[in-house]
Structures are given as C-alpha cells and as structure tokens.
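Trainee: Structure in structure tokens, see below.
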Amino acid sequence: MSTIYYFMDKNNNYVILNAEHVKSTSTSNAKLIIKDSDFLEKYYSQTEPIEFVCGIDPNYEKKEITYYNNRIDLPIITNNINTVLSIKSTNDYFNSNSNNDVSICTVADEMLKIARPIQYPLNGFEKMNEIETKELVARLFINIRHQHSSDKNPTLTENLEEFKRLMDHYILPYCKENNFETNFTLSECKVSTIKQDVYYTNCIPSEESDKTTICNYIPYTNAISIFSFMIIGISLVSGLVSFVLMLKYRKSKVLSAFGMDFSIILLFATFILTISVFFWLGEGSTAKCKLRIWFQIIGLTNIVGTILLKEERISSIFIGRDVRKIFAPKMKDVYIKLGILNLIQITLLILWSMNIFEEKSSFSKDVEYYPNLGYKNIEYCDIFSSNFVAVMFLFIFCMIIYTLLISIKIRNIPKEFNESKFII
Numbered sequence: 141m142s143t144i145y146y147f148m149d150k151n152n153n154y155v156i157l158n159a160e161h162v163k164s165t166s167t168s169n170a171k172l173i174i175k176d177s178d179f180l181e182k183y184y185s186q187t188e189p190i191e192f193v194c195g196i197d198p199n200y201e202k203k204e205i206t207y208y209n210n211r212i213d214l215p216i217i218t219n220n221i222n223t224v225l226s227i228k229s230t231n232d233y234f235n236s237n238s239n240n241d242v243s244i245c246t247v248a249d250e251m252l253k254i255a256r257p258i259q260y261p262l263n264g265f266e267k268m269n270e271i272e273t274k275e276l277v278a279r280l281f282i283n284i285r286h287q288h289s290s291d292k293n294p295t296l297t298e299n300l301e302e303f304k305r306l307m308d309h310y311i312l313p314y315c316k317e318n319n320f321e322t323n324f325t326l327s328e329c330k331v332s333t334i335k336q337d338v339y340y341t342n343c344i345p346s347e348e349s350d351k352t353t354i355c356n357y358i359p360y361t362n363a364i365s366i367f368s369f370m371i372i373g374i375s376l377v378s379g380l381v382s383f384v385l386m387l388k389y390r391k392s393k394v395l396s397a398f399g400m401d402f403s404i405i406l407l408f409a410t411f412i413l414t415i416s417v418f419f420w421l422g423e424g425s426t427a428k429c430k431l432r433i434w435f436q437i438i439g440l441t442n443i444v445g446t447i448l449l450k451e452e453r454i455s456s457i458f459i460g461r462d463v464r465k466i467f468a469p470k471m472k473d474v475y476i477k478l479g480i481l482n483l484i485q486i487t488l489l490i491l492w493s494m495n496i497f498e499e500k501s502s503f504s505k506d507v508e509y510y511p512n513l514g515y516k517n518i519e520y521c522d523i524f525s526s527n528f529v530a531v532m533f534l535f536i537f538c539m540i541i542y543t544l545l546i547s548i549k550i551r552n553i554p555k556e557f558n559e560s561k562f563i564i
C-alpha cells in the first residue's frame with residue numbers, strides 16, 4: 141500500500157515523501173519501497189526506486205531499515221557519508237489490536253498495540269506522555285490567571301516563553317539519541333580560547349555532545365596573533381636597522397666579500413616572506429588566500445634564488461681544488477637571471493589568481509561531520525590542491541636542490557679561497 145511519510149530537515153521544515161509499504165509474510169519481513177524521485181535524487185543521487193527490508197540496524201549497503209518507538213530509521217547518504225534519517229508515517233499501523241500487520245519490522249509489543257497518532261515527528265510517544273504528566277498546558281493557564289511568583293507578576297509574553305522552554309525540554313530528543321541529525325548555531329569566536337559555543341536548536345545536548353567547537357580562524361586579538369604581530373614588527377625593525385648599517389658600512393670587508401647587492405636583495409626578500417604571516421590570521425577570504433601565496437612564493441623565490449646565484453658566481457670563479465680566476469659574471473647578468481626566476485613565478489601566480497584552467501576557488505566552504513557535534517560548515521584556504529601552486533613550490537624545491545649541489549661542489553675549494561683578495 142502507498143503511504144505518506146514525513147520528517148523534519150535540518151532547517152526544521154516538514155518534508156513529505158511517498159513510499160510503498162509491503163506487508164510482512166511468513167517467509168519474509170516487511171518492505172519499504174521508496175519511489176519519490178525528488179527525495180531519491182536529494183538523498184541518494186538517483187531517481188530509480190529503492191527497496192529496503194527490515195533488519196537489525198540501518199544499513200544502506202544491505203538496504204536494511206529498522207523500526208522502534210513508532211518511527212522508521214532510514215539509511216541515507218549525506219556528503220558521501222552514511223547517516224540515518226528518522227521518518228514517520230501519516231498512517232498508524234499500530235492503532236488497533238485487530239490490525240493483522242502489527243509489525244512493520246518484526247517488532248510487536250504492548251506499546252505498539254496501545255500507540256496513538258503522534259503529533260510531533262522528532263521522537264516517540266513517551267515525550268507526549270511527559271507533557272501530559274507534567275500538565276504543561278494547565279500550568280500555562282494557571283500562570284496566566286494567577287500570580288506566577290511572590291515577587292513578580294510575569295507578562296503574557298514571559299509566560300509563553302517559559303511554556304516554550306518547558307515544551308522544548310520535554311519534547312526535544314537528546315542529540316546523541318539514535319544517530320539523530322543535529323541542527324545548531326554557533327556563537328562568535330572567543331578570542332581567548334579560539335572556540336565557539338554550540339547552541340542546539342532541535343535537540344537537547346547530552347553529556348557526550350560537544351558544547352564548544354574550534355573556530356575556523358585565529359582572531360587578530362588572540363595571544364597567538366599578538367605574538368605573531370610582535371615577531372613581524374621586531375623582524376621588520378631589525379631588518380631596517382640592518383639595512384641602514386649595511387649602507388653605512390658598505391665598504392667593509394665582510395659586506396664586500398658577500399656582496400652588497402646580494403645582501404640587500406636577501407634582506408627585502410625576507411621582509412616579503414615575513415609579511416605573509418599576516419594573511420594567516422583573522423577571518424579567511426579569497427583575497428587573503430591569494431595574498432598569502434603571493435608573498436610566500438615571491439619571498440621564497442628571491443631568498444633561494446639569491447643564494448643560488450651567489451653560489452653559482454662563486455663556483456664560476458673557483459673550480460675544483462685549483463684556485464684560479466676565470467670569468468666572473470657581472471651583477472647585470474645576476475639581476476637578469478633573478479628577474480627571469482621572478483617572471484616565471486609571477487606568471488604562474490597571475491594564472492592561478494585568475495583561475496585560468498582551474499575553476500575551483502582558493503577559498504573553500506565545505507561541510508564536515510564531527511561525531512559528537514554533527515555537520516559543521518567550515519571555511520579554509522584550499523590553496524595546496526591547485527596544480528599551479530604545486531608547480532610553483534616544486535620550482536622552488538628544484539632551486540633548493542640545485543643550490544645544495546653547487547654547495548657540495550664549492551666545498552672542495554681549498555683554504556686559499558678564504559685568504560683570497562678577490563672581491564666577489
């Protein structure tokens with residue numbers, strides 16, 4: 141027989157679906173055949189009917205459902221995760237002792253025989269019994285007619301709000317009950333703990349339920365952010381002081397040996413890399429994700445590239461163990477090579493920023509399941525899944541490997557190199 145089933149989704153909206161109930165026989169359990177195409181497409185990504193039989197536990201692979209407390213637990217697929225959806229029928233199969241099909245899933249007891257239509261789809265009849273036992277409606281009218289307490293005469297709104305709180309307390313199921321799908325809201329991110337309070341809207345939290353959850357970002361006023369800003373500030377100030385000292389003592393032997401131009405490039409590349417830390421803090425956004433990679437790539441490219449070109453210059457002057465001067469590349473050539481390295485990386489950065497050949501955004505919003513919480517919306521910079529970003533970091537890695545190979549080569553330069561009067 142065709143039956144109308146209903147449930148409440150995560151937004152507390154009623155959802156209706158059509159399904160066919162096949163009675164149990166002496167040789168087989170009862171069956172539930174879902175033919176509702178909209179429901180099938182949303183929860184199973186298909187439109188063909190699905191036939192479920194009664195089993196011990198809800199299992200999508202085995203196509204099994206369970207029945208208890210006057211509700212059916214139906215296995216569904218949400219975000220590629222097997223979960224359970226509790227549905228109820230508008231027809232009461234168990235409202236009569238003379239009903240021949242008293243067991244939709246081979247479960248028959250006295251509770252089913254005395255069961256009556258349920259007014260609330262979230263839980264079993266025991267919740268309605270609690271409301272009647274506590275006489276909540278009668279208590280509401282008493283509070284409206286008579287004074288509520290000795291020191292305060294509440295308004296109608298306050299009485300209704302109290303009635304609502306009591307109804308929620310006695311009607312709502314516990315969040316961990318029978319794989320119930322929770323719906324909740326989150327508070328603002330707390331600066332000190334980097335956590336958000338969880339407020340459940342369709343269930344009562346149990347001892348196992350998470351009361352807080354980690355924020356998706358680190359607030360600017362958090363101790364970690366403040367410490368990071370201090371480090372960035374100290375690094376920038378010390379870098380500027382170093383720059384002034386380098387200009388003042390640019391003719392010193394040490395700076396002349398390393399090279400004034402190399403020192404300045406290396407210093408400013410370090411500045412760029414240090415500034416990238418700023419974009420790891422605070423609420424995430426697409427612009428922050430892109431700027432984070434821009435500063436990292438340009439900073440690392442110039443740091444590694446400067447060291448690479450410096451070692452390449454040394455190796456071109458001294459070869460093997462014989463100290464002999466050969467053609468030394470001019471700084472103009474070094475600038476050209478460093479410019480080419482930056483041009484390659486900047487081209488890749490522009491293509492990545494414009495989403496060329498890649499439609500996926502660098503700033504992603506997704507839903508992640510937490511066992512003691514439920515499905516939570518998360519936001520994060522999904523930058524390392526990009527092929528362009530992978531190529532850029534691979535390019536830097538290859539530069540590092542090449543630098544190490546040159547370092548091994550120039551290590552064999554004899555001691556005379558340290559006493560050489562050649563200025564590199």
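Start counting the sequence shown at 141; every next residue gets the next number (our numbering).
Yeah, the Cβ is synthetic: ideal placement off N, Cα and C, and Gly gets one too.
For the candidate residues I364, G422, D401 and T333, whose alpha-carbon lies nearest to that of I443?
Mentor: Numbered from its first residue, the sequence shown carries residue 443 at position 303. Nearest option by C-alpha distance: D401.
Trainee: Are the beta-carbon atoms belonging to L225 and I217 less than 7 Å from one another?
Mentor: Taking the sequence shown and counting its residues from 1, one reaches residue 225 at position 85. Taking the sequence shown and counting its residues from 1, one reaches residue 217 at position 77. The answer is no: Cβ separation not under 7 Å.
Trainee: Taking 7 Å as the CB-CB cut-off, is I156 touching chain C?
Mentor: The chain labelled as chain C is not found in the depicted structure, where only one protein chain is given.
Trainee: Within its chain, find whatever has a CB closer than 8 Å to the CB of E188; leave out the 5 residues flanking it on each side and keep chain order.
Mentor: Numbered from its first residue, the sequence shown carries residue 188 at position 48. Excluding residues within five positions, the ones whose Cβ falls inside 8 Å are L180.
Trainee: What separation, rounded to the nearest whole angstrom, lies between the Cα atoms of T410 and I438?
Mentor: Here residue 410 refers to the residue found at position 270 when the sequence shown is read from its first residue. Here residue 438 refers to the residue found at position 298 when the sequence shown is read from its first residue. Using only the alpha carbons, I get a separation of about 10 Å.
Trainee: What span of residues does the alpha helix (DSSP H) with G195 cover, start to end?
Mentor: In the sequence shown, counting from the first residue as 1, residue 195 sits at position 55. No alpha helix (DSSP H) holds G195; DSSP gives it neither H nor E.
Trainee: With which residues is G514 paired in a DSSP beta bridge?
Mentor: Looking up residue 514 in the sequence shown gives position 374. Answer is Y510, bridged to G514.
Trainee: What residues in its chain sit with their C-beta under 8 Å from that of C521, if we drop five residues either side in the sequence?
Mentor: Translated into the one-based positions of the sequence shown, residue 521 becomes position 381. Once the five neighbours on either side are set aside, the close Cβ partners of C521 are G424, K428, C429, R432, S502, F503 and S504.
Trainee: Start and end of the alpha helix (DSSP H) containing Y154?
Mentor: Numbered from its first residue, the sequence shown carries residue 154 at position 14. From DSSP, Y154 is part of no alpha helix (DSSP H) but of the beta strand (DSSP E) over Y154 to V162.
Trainee: State the DSSP-derived secondary structure class of Q336, mapped to helix, strand or coil.
Mentor: Counting from one through the sequence shown, the residue named residue 336 turns up at place 196. Residue state, collapsed to three classes: strand.
Trainee: Which stretch, first to last residue, makes up the beta strand (DSSP E) that contains K171?
Mentor: Within the sequence shown, numbered from 1, the residue matching residue 171 stands at position 31. First-last of the beta strand (DSSP E) with K171: K171 to I174.
Trainee: Determine the extent of the beta strand (DSSP E) in which R211 is found, giving its start and end residues.
Mentor: Here residue 211 is taken as the residue at index 71 of the sequence shown, counted from 1. First-last of the beta strand (DSSP E) with R211: R211 to T218.
Trainee: Can the beta-carbon of L489 be found closer than 7 Å to that of W434?
Mentor: Here residue 489 is taken as the residue at index 349 of the sequence shown, counted from 1. Here residue 434 is taken as the residue at index 294 of the sequence shown, counted from 1. A contact, by the Cβ cut-off of 7 Å.
Trainee: With a CB to CB cut of under 6 Å and the five nearest residues on each side skipped, what residues in its chain are close to S290?
Mentor: Taking the first residue of the sequence shown as 1, we reach residue 290 at position 150. Residue placement at S290 is flagged as unreliable, the pLDDT there being 49, under the threshold of 50; the coordinate-derived value follows with that caveat. Excluding residues within five positions, none has a Cβ falling inside 6 Å.
Trainee: Verify whether the separation of the beta carbon atoms of D213 and P198 is less than 7 Å.
Mentor: In the sequence shown, the residue the question calls residue 213 occupies position 73. In the sequence shown, the residue the question calls residue 198 occupies position 58. Cβ atoms of D213 and P198: closer than 7 Å.
Trainee: Find the nearest neighbour of T325 within the set S332, I334 and T341, judged by alpha-carbon distance.
Mentor: For the purposes of this step, residue 325 is taken as residue 185 along the sequence shown, with counting starting at 1. The shortest Cα separation from T325 among S332, I334 and T341 belongs to T341.
Trainee: Tell me where the alpha helix (DSSP H) around I540 begins and ends.
Mentor: For the purposes of this step, residue 540 is taken as residue 400 along the sequence shown, with counting starting at 1. First-last of the alpha helix (DSSP H) with I540: N527 to I550.
Trainee: Whole angstroms are fine: how far does the CA of F419 sit from the CA of F147?
Mentor: Here residue 147 refers to the residue found at position 7 when the sequence shown is read from its first residue. Here residue 419 refers to the residue found at position 279 when the sequence shown is read from its first residue. Distance between the alpha carbons of F147 and F419: 44 Å.
Trainee: Name the residue from K351, Y357, G379 and M539 whose alpha carbon lies nearest to the alpha carbon of Q485.
Mentor: The residue you call residue 485 lines up with position 345 of the sequence shown. Cα-wise, what sits closest to Q485 is M539.
Trainee: Tell me which residues share the same chain as L406 and place their Cβ nearer than 6 Å to its Cβ, disregarding the 5 neighbours each side in the sequence.
Mentor: Taking the sequence shown and counting its residues from 1, the one referred to as residue 406 is at position 266. Here the set comprises T446.
Trainee: Helix, strand or coil for Y145? Go by DSSP, reduced to three states.
Mentor: In the sequence shown, counting from the first residue as 1, residue 145 sits at position 5. In the structure shown, Y145 sits in a strand (DSSP, three-state: E or B).
Trainee: Could you give the first and the last residue of the continuous alpha helix (DSSP H) run that contains S297?
Mentor: What you label residue 297 is simply residue 157 of the sequence shown in a count that begins at 1. Correcting the residue type first, residue 297 is Thr in the shown sequence and not Ser. Here the alpha helix (DSSP H) through T297 covers L296 to I311.
Trainee: Straight-line CA distance for K202 to G422?
Mentor: Residue 202 sits at position 62 when you count from the first residue of the sequence shown. Residue 422 sits at position 282 when you count from the first residue of the sequence shown. Each residue's Cα considered, the two are about 46 Å apart.
Trainee: With respect to the alpha helix (DSSP H) encompassing V377, which residues constitute its N-terminal and C-terminal limits?
Mentor: Here the question's residue 377 lines up with position 237 in the sequence shown. It spans A363 to K388 - the alpha helix (DSSP H) in which V377 sits, taken as one unbroken run.
Trainee: Going by beta carbon distance, what residues of the same chain come within less than 7 Å of V338, once the five residues before and after it are set aside?
Mentor: Here residue 338 refers to the residue found at position 198 when the sequence shown is read from its first residue. Same-chain partners within the cutoff: F324, L326, D350, K351, T352, T353 and L513.
Trainee: From I546 to S456, what does the alpha carbon distance come to, in whole angstroms?
Mentor: For the purposes of this step, residue 546 is identified with residue 406 of the sequence shown, where counting begins at 1. For the purposes of this step, residue 456 is identified with residue 316 of the sequence shown, where counting begins at 1. Computed Cα separation, rounded: 10 Å.
Trainee: Quick one: what does DSSP say V224 is sitting in, helix, strand or coil?
Mentor: Residue mapping note: residue 224 aligns to position 84 of the sequence shown, counting from 1. Note: V224 maps to strand in three-state DSSP.
Trainee: Which residue from I415, T441, E191 and S392 puts its Cα closest to that of E160?
Mentor: On the sequence shown, position 20 is the one that residue 160 refers to. Out of I415, T441, E191 and S392, E191 has the C-alpha closest to the C-alpha of E160.
Trainee: Along the chain, where does the beta strand (DSSP E) that runs through L128 open and close?
Mentor: The requested residue 128 does not occur in the structure, where the chain is confined to residues 141 to 564.
Trainee: Going by DSSP, name the residue or residues bridged to E204.
Mentor: In the sequence shown, the residue the question calls residue 204 occupies position 64. Its beta-bridge partners are V193 and N199.
Trainee: Secondary structure at Y357, three-state DSSP: helix, strand or coil?
Mentor: Along the sequence shown, one-based indexing puts residue 357 at 217. Note: Y357 maps to coil in three-state DSSP.
Trainee: Could you spell out where the alpha helix (DSSP H) holding F419 opens and where it closes?
Mentor: Within the sequence shown, numbered from 1, the residue matching residue 419 stands at position 279. Premise fails: F419 is in no alpha helix (DSSP H) and is neither H nor E.
Trainee: Based on Cα-Cα distance, which residue from V529, C194 and A363 lies nearest to L172?
Mentor: Locating residue 172 in the sequence shown gives position 32, where the first residue counts as 1. Checked all of V529, C194 and A363; the closest Cα to L172 is C194.
Trainee: Is it right to say L387 is buried, meaning 16 or more other beta carbons lie within 10 angstroms of its own, or is it exposed?
Mentor: Working through the sequence shown from its first residue, we reach residue 387 at position 247. Burial call: exposed.
Trainee: Could you check whether Y145 and I227 sit closer than 7 Å to each other, using their CB atoms as the reference points?
Mentor: Taking the sequence shown and counting its residues from 1, one reaches residue 227 at position 87. Taking the sequence shown and counting its residues from 1, one reaches residue 145 at position 5. Yes, these two residues count as a Cβ contact at 7 Å.
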